[in-house]
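Chains as they are written, first to last, in our numbering: chain A, 41 to 425; chain B, 41 to 425.
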C-alpha cells in the first residue's frame, strides 16, 4: 500500500486543517495585514474587462495575418492593494474574450483567506476547466503582482534573482515582401531601444529572401521562428546550416508539432539549438513531449498558465539540460513585465509584445540598449498610465 | 555558433551590469531598506560558532553509534535583522566542525548588495569549494531566514504554500536489543507530540525482531530505513513483502548506493515505494542517479546545500513522477524549521531531529498531534531561547 500523506490523513480520520489551525495560530503573532481597515477579514476581489490590443503593424506569420489581438485585463484587490493581470489571446490558440470572460466568471477567490495561498488558489483555478491557459494566467499574474505589493518588493527580489542578469530581447520582423521587410528592419534598427538582436519569421517559402533582405540592412544576430512551416526534415537541416552561416543563433519550432520523429532527428543533427514553442504548453509536456525532441523551450505565460508554473518549467528544463527562452504574445506591459521578473534565469528573451501595440495601458519593464530592464516597483513592476 | 546570453553580452562588448543599473534605478523609487540606519549601504555580516549537539539517547544505525553530533550555528546580520542558519554534520558524511569553520572563513558576503541576491550568493558560495554541503546549507538557511525577516513574512507564505498541508512526522526508533526497542517505542508513543507514525531503522540482521518488537507496542504506520543494510536483492524483495504485511509505508535506502542495477530491479518489483537517501546529494543526481532506480527521494538540507536547491529538487522530482519526503540530520529547531517551510509540498516527513537533542537553542516548528506545525514567525519561523 503506497500510503501518501493525504491518504494517511484520511485513514487516520484526522481533519488536517481544523486540527492544526488553532495551535498554530496560538504559537506566534500573525505577520500582518489579513485584517482589513474595517477590522474584519479582508477578501480578495477579482474584476476583469475586455481590452482589445491595437497593433502598430499588421502581424504576419506562416499561418495567418491580423491587426488586433483579443485581450482581457484582470485586477485582484485585497486589503487596499491591487494586483494586475492579463490574458492575451491570439486567435489561433483557441481562447477568446468570450471564453476568458466565461472562465473568469466562475472563479471565486473569496473562499481563500489571502493571496499568499498561491499553490491552493492556482490548483483550484486550474481545476475549474481544462484549457483556458491565458485566462488562468491572468489570475496567476494578478496574484503574484498583489503578493509583491503586499510585501513591497519586486518579485525578482523575492525569488532571489539579480536584475542585471536579464537577457537582451529581440524585436520580431514578420513575413512580407522584400521592400516591406527592409523598411520594417530599418525602422526596428532606428528604434530608441537600441536593439541588439532581431527575430525573423520564416516558413512561407521565401526564407532565403527574408534573411537576405534583413541582412541587407543589419549584421545583428538573428533568432529565427519558423512556426511549424518546414515539412521536410532534410531540407530543414540544409536550411539550418545555411542560417548558421548567416549569423542565426537558434531556430524556433522549425517543423509541425506532430512530426515528432522528424523533429528529434533534426535536433540531433542541427548545428543550432532547436526551440519548442507550439509543441508544448504545460509543465508535464517538458518531460512527455520535449525531452529528446528539441534543444530547449520557449516559455510564454499565456501557455504555461502564468508565473508559478513557468518558474517550475525553468527548473525542470535546466535539470534536463535544456536551453530556455521566454517569449510573449502581443501583450501589454503587464504580461511582458511579469515574465521579465523571471528572465534573469533564461538564455534568451523574446519580449517585444508591448512594443507591437498602440494602446498599452501600463508602463513597466523597459528595453534599454536592447536589454530587458526591470523597474524597482513591487510585484511585477508596473504602473497604470 | 550556439550564442548564449552571456556569450552574446561578451561578444557585443557590453558591460551588462554597468550599462543597466543607472537607467533602472532612475525608473521607479527603490523598494526599501538596503540603506542602513547610519545612512550608508548596509553590508551583510556572517558570524558562526561551533555548537555540538548533545543527544538524548545513543543513536544506532546499520553502520555506527554515537552520543553527540558536530554542529555549527551561523548568523547573517543585515540592516538590523539577523538570519539564523545551521550546519549539522554526522561524522559519516565527511564534514566536521573543522571543515565547516574553514569553509565559512572563506565566505565573503560583503561583496553582495543585499540578501535578496540569493541566486548569485549561493552560486558564489557553491563555487568556493566542492563538497561541504552542510556548511553551504548553513549560509542558505540564514539567508532565507534573513530575507523572510526583512519582509516580515514566513517563507511558506512567500512561496505560496498552505501551512495546513504539512505532513505528519515520524519519530525514529534506532537498532537495539528487544527490551531497549520496546522501552523506546513505549516512550515515543507517550511523547506529548502524539505521534502518528514511527520510523524503524533496519539492516543489521535483526529486522524481523525489530519490527515484531515495535508491533508488540503499537499499530501505528511505520516507515523503514535500512541505511544500505541489505546486500541481496531477492532477500530484500521478500523482506519488503513481509514489511508490507506489517503496515510499513515505504522503505528507505534498502541497498548499498552503488548496487544500482540491483536497486532498479528491486524498485521495479517492490510493492512499497523505495526512497533514496545516501544514494544522492545534489539536484543533478536526481536525473543522473535516481530516476528509474528509486521511487522517490529523501531531501535533507544538509545534503542539498539548503532550501534553494531543495525547492528545485521537489519540482524536478514531481516532474519525474517521484515521491518526495523531507528528512533531517540530528539538528536544532533551526534546520528542522527551515525544511518545515517546504514541507507542505511533500508526501512524507522525517523531521524529528530536534526531538533527539537536549540542548536546542531555538524554538520553532512544533510537532502537534503528530503533525509538523509551522509558526507564524517570519523567515524560517524560529526564536532564540
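Think of the CB as a built atom: it goes at the ideal place given N, C-alpha and C, for glycine as much as any other residue. Fair warning: this is a prediction, and the values are worked out from it, not measured in the lab.
Task: residue 413 (chain B) burial status per 10 Å Cβ neighbour count (16 or more: buried) - done: buried
Open item on the list: Does any residue of chain B have a CB that is nearer than 9 Å to the CB of residue 300 (chain A)?
Closed with: no
Open item on the list: Does any residue of chain A have a CB that is nearer than 9 Å to the CB of residue 68 (chain B)?
Closed with: Bear in mind that a pLDDT of 34 at residue 68 (chain B), under 50, signals an unreliable position, so the number given afterwards is only what the model happens to contain. Yes - at least one Cβ of chain A is within 9 Å of the one on residue 68 (chain B).
Open item on the list: If we define contact as Cβ-Cβ less than 9 Å, is residue 385 (chain A) a contact residue for chain B?
Closed with: yes
Open item on the list: Does residue 282 (chain A) pass the burial test, meaning 16 or more other C-beta atoms within 10 Å, or should it be called exposed?
Closed with: exposed
Task: Alpha-carbon spacing of residue 95 (chain A) relative to residue 136 (chain A), whole angstroms - done: 17 Å
Task: Residues near residue 312 (chain B) in its chain [Cβ-Cβ closer than 8 Å; skip 5 each side] - done: 280, 283, 284, 288, 289, 290, 291
Task: Unbroken stretches of the beta strand (DSSP E), 3 residues or longer, contained in the stretch 82-136 of chain A - done: 85-90, 93-100, 105-109, 111-118, 121-128
Open item on the list: I need the boundaries of the alpha helix (DSSP H) containing residue 266 (chain A), first residue and last residue.
Closed with: Unbroken run through residue 266 (chain A): none, as it is neither H nor E.
Task: Member of B:276, B:247, B:226 whose CA lies at the smallest distance from the CA of residue 310 (chain B) - done: B:276
Open item on the list: Suppose you measure from the CA of residue 177 (chain A) to the CA of residue 346 (chain A); what does that come to, to the nearest Å?
Closed with: 4 Å
- [ ] Grab the span of the beta strand (DSSP E) containing residue 238 (chain B) for me, first residue to last.
- [x] 238-241
Open item on the list: Using DSSP's beta-bridge definition, name the partner residues of residue 194 (chain A).
Closed with: A:419
Open item on the list: Tell me which residues share the same chain as residue 202 (chain B) and place their Cβ nearer than 6 Å to its Cβ, disregarding the 5 neighbours each side in the sequence.
Closed with: 384
Task: Cβ neighbour criterion (16 or more within 10 Å) applied to residue 98 (chain B) - done: exposed
Open item on the list: Given this structure, state the Cα-to-Cα distance separating residue 142 (chain B) from residue 166 (chain B), to the nearest angstrom.
Closed with: 14 Å
Task: Contiguous alpha helix (DSSP H) assignments of at least 4 residues, all confined to the stretch 306-350 of chain A - done: 341-344
- [ ] Tell me, please, whether the CB atom of residue 156 (chain A) is closer than 9 Å to any CB atom in chain B?
- [x] yes
Task: Straight-line Cα distance separating residue 416 (chain A) from residue 253 (chain A) - done: 39 Å
- [ ] Measure the CB-CB distance between residue 353 (chain B) and residue 326 (chain B) and report whether it falls below 9 Å.
- [x] yes
Open item on the list: Measuring only the C-alpha atoms, how far is residue 194 (chain A) from residue 251 (chain A)?
Closed with: 39 Å
Task: Supposed contact pair residue 189 (chain B) and residue 123 (chain B) - C-beta distance, whole angstroms, cut 8 Å - done: 6 Å
Open item on the list: Taking the alpha carbon of residue 107 (chain A) as the reference point, which residue from A:305, A:130, A:121 has its own alpha carbon closest?
Closed with: A:130
Open item on the list: If we define contact as Cβ-Cβ less than 9 Å, is residue 307 (chain B) a contact residue for chain A?
Closed with: no
Open item on the list: Beta-carbon within less than 7 Å of residue 406 (chain B)'s beta-carbon, same chain only, minus the 5 sequence neighbours each way: which residues are those?
Closed with: 413
Open item on the list: Using the Cβ count rule (16 or more neighbours within 10 Å means buried), how would you classify residue 344 (chain B)?
Closed with: buried
Open item on the list: Cutting at 6 Å between CB atoms, please list the residues of its own chain near residue 85 (chain A), excluding the five before and the five after it.
Closed with: 117
Open item on the list: Quick check on this structure: which residue in B:351, B:126, B:360 has the alpha carbon closest to the alpha carbon of residue 196 (chain B)?
Closed with: B:351
- [ ] Would you kindly work out how many angstroms separate the C-alpha atoms of residue 349 (chain A) and residue 323 (chain A), rounded to a whole number?
- [x] 7 Å
- [ ] Run down chain B in chain order and give the residues with a C-beta less than 9 Å from the C-beta of residue 276 (chain A).
- [x] What residue 276 (chain A) touches in chain B: nothing, since even the nearest Cβ is about 18 Å away.
Open item on the list: If we define contact as Cβ-Cβ less than 9 Å, is residue 87 (chain A) a contact residue for chain B?
Closed with: no
- [ ] Can you say whether residue 274 (chain B) is buried or exposed, counting buried as having 16 or more other CB atoms within 10 angstroms of its CB?
- [x] exposed
TODO: List in chain order: all unbroken beta strand (DSSP E) runs of 3+ residues lying wholly within the stretch 344-404 of chain A.
DONE: 363-366
- [ ] With 9 Å as the threshold, decide whether the Cβ of residue 265 (chain A) is near any Cβ in chain B.
- [x] no
Task: Stretch-stretch touch, CB-based, cutoff 8 Å, three pairs: the stretch 313-321 of chain B with the stretch 361-375 of chain B - done: yes
Open item on the list: So, at 6 Å on beta carbons, what are the nonlocal neighbours of residue 423 (chain A) in its own chain, with the 5 sequence-adjacent residues on each side left out?
Closed with: 403
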